[in-house]
Structures are given as C-alpha cells and as structure tokens.
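Take the sequence shown: its position 37, counting from 1, is numbered 37 in this note's numbering, and each next residue is one higher.
The C-beta atom is built at its ideal place from N, Cα and C for all residues, glycine as well.
This report refers to the structure that appears directly beneath it.
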Amino acid sequence: MGLKLENQVRDSEKDSKKWKSIFGVIFLGALGSGFWEYFLKDFCIKVLDLTVTAASYLFSGFADSLYSNIGNGVGGFLPIFTPVIIMVMMILFPWVFTMKLYSVTKQMNVRTKKVDNDKLLKKIRFFKIATPLLSLLITLMYGHMLFESVYQYKTVHYIERTLEIVRPSVTPQEFLLLRSEYRQINSLEKFEDFYFKVSSVAKENSIELPQFSPLLIKPKA
C-alpha cells in the first residue's frame with residue numbers, strides 16, 4: 001500500500017513538472033512575441049533598412065538586384081523552399097566546420113608542441129585564419145542570396161494580392177496594363193513606378209491595401 005502511494009505521489013510530481021514546463025514554454029513564447037512586437041520589430045526593420053540603403057550606395061547593382069526577378073512571379077512556396085534550405089545549410093556548414101577545426105587543432109597543438117613540428121604548426125595556424133575568412137565570405141554571398149530570394153517572394157505575393165484587390169475598381173484594359181507592367185519589373189525604378197501607380201488607384205477608390213514597406217523606396221509626400 002505504501003509503495004503504491006509513493007508511486008502515485010511520484011507520478012503526480014512528474015505530471016506537475018510536465019505542466020509547469022508546458023506553461024513555462026507558453027509564457028516565454030508569449031513574452032518573446034510581445035517583446036518582439038513592441039520593442040524589437042521596429043528596431044530590426046530600421047537596422048535592415050539602413051543596412052540595405054548602405055549596401056545600395058556601396059554596390060551600384062545591389063538595389064536593382066532586389067527587384068530583378070519580380071516580373072517572373074512566384075508559383076507558391078515550394079519553388080523557393082528547396083533553395084532556401086540549401087542556402088541556410090551553405091551558411092551554417094562553414095561555421096560548424098570552423099568550430100570543429102578549432103576543437104581539433106586545439107588538441108593537435110598540445111601534441112605537436114611536444115614534438116616541436118614547426119611545419120605542422122604553421123599549417124594549423126593558416127587554416128585557423130583562412131577558414132573563418134572563407135566562412136565569412138560564404139555567409140555574405142549566400143546570405144545575400146537568401147535575403148534576396150525571401151524578399152522577392154514576399155514582394156511578388158504582395159503585388160499579386162494587391163492586383164486582385166484593386167481589380168474591381170479598374171477596367172479590364174487597365175487591369176491588363178497593370179499586369180503587363182508587373183511582368184516587366186526587373187529593376188528598382190520599374191517597381192517604384194508600378195508601386196505608386198497601384199497605390200494611387202487604391203487611394204482614388206478608398207481601398208485599403210495590405211501593409212508592405214518596400215526597401216529603398218521613400219513614400220511620396
């Protein structure tokens with residue numbers, strides 16, 4: 001009887017800990033979500049905007065590259081899902097390899113110092129410097145590709161949704177012209193012209209469009 005009671009108490013404690021863990025995760029998630037919404041979101045968007053603006057000044061073709069494939073459209077999330085996964089792996093792998101290299105070379109340093117092998121030590125030092133630099137280069141390259149792909153995906157879906165929203169307020173001919181302009185977008189300038197044209201149509205017809213803040217485009221006064 002005593003053993004049975006002890007088991008029941010133990011099970012009750014396990015259930016209590018499990019529920020505490022679940023509520024703890026929910027609480028932390030809600031706290032993190034609120035912190036992001038009220039404090040971090042605007043700050044991160046501002047930092048992103050400043051970073052993109054700086055990059056557009058440093059690299060002449062950067063601004064147009066963000067809008068170069070907009071006119072191609074996107075058929076859904078699956079076409080972008082595989083490249084995104086590959087790019088994330090390409091970004092993470094060099095850093096995982098770098099950390100592993102540092103761990104291995106740390107052990108090798110201890111062994112090689114005992115035998116005083118200068119040639120091997122020089123190779124180790126070279127790889128410890130070269131690998132992080134290569135990892136940084138790969139991160140910048142694939143990070144840009146990842147950011148560009150996700151931004152273009154979101155922009156295309158904004159355009160598609162916006163066109164359907166304003167469609168009842170324009171003639172069939174005007175709608176076809178808007179879609180034609182959309183399909184011709186391959187630069188910042190063309191997207192900017194299209195964006196303000198659709199916004200103007202929505203404003204004239206008192207239509208509320210989805211919230212979207214295109215990069216490198218300042219709202220007209």
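Asked	Found
Helix, strand or coil for Y182, going by three-state DSSP, please let me know.	helix
Is the number of C-beta pairs between the stretch 125 to 135 and the stretch 157 to 172 that are closer than 8 Å three or more?	no
Can you have a look at F191 and say buried or exposed, based on whether 16 or more other CB atoms are within 10 angstroms of its CB?	buried
Compute the beta-carbon to beta-carbon distance between I165 and I207, rounded to the nearest angstrom, for a pair I have assumed lies under 8 Å.	6 Å
Using the beta-carbon count (16 or more within 10 Å), is I86 buried or exposed?	exposed
For the stretch 51 to 70 and the stretch 182 to 191, state whether three or more C-beta atom pairs, one from each stretch, are separated by less than 8 Å.	yes
Below 8 Å CB to CB, which residues in the same chain sit around T98 once its five sequence neighbours on both sides are set aside?	T131, P132 and S135
Closest to P214 by CA distance: which of F194, P94 and A202 is it?	F194
Would S151 and K128 qualify as a contact pair, given that the criterion is a beta-carbon distance under 8 Å?	The amino acid at residue 151 is misidentified as Ser; the sequence shows Tyr. No, they are not a contact pair.
Cα separation between W36 and P210?	With a pLDDT of 47 at W36, under the threshold of 50, the predicted position of this residue should be treated as unreliable, though the coordinate-derived value follows. One C-alpha to the other measures close to 21 Å.
My guess is that T162 and V198 are in contact by the Cβ rule of under 8 Å, so how many angstroms apart are they, rounded?	6 Å
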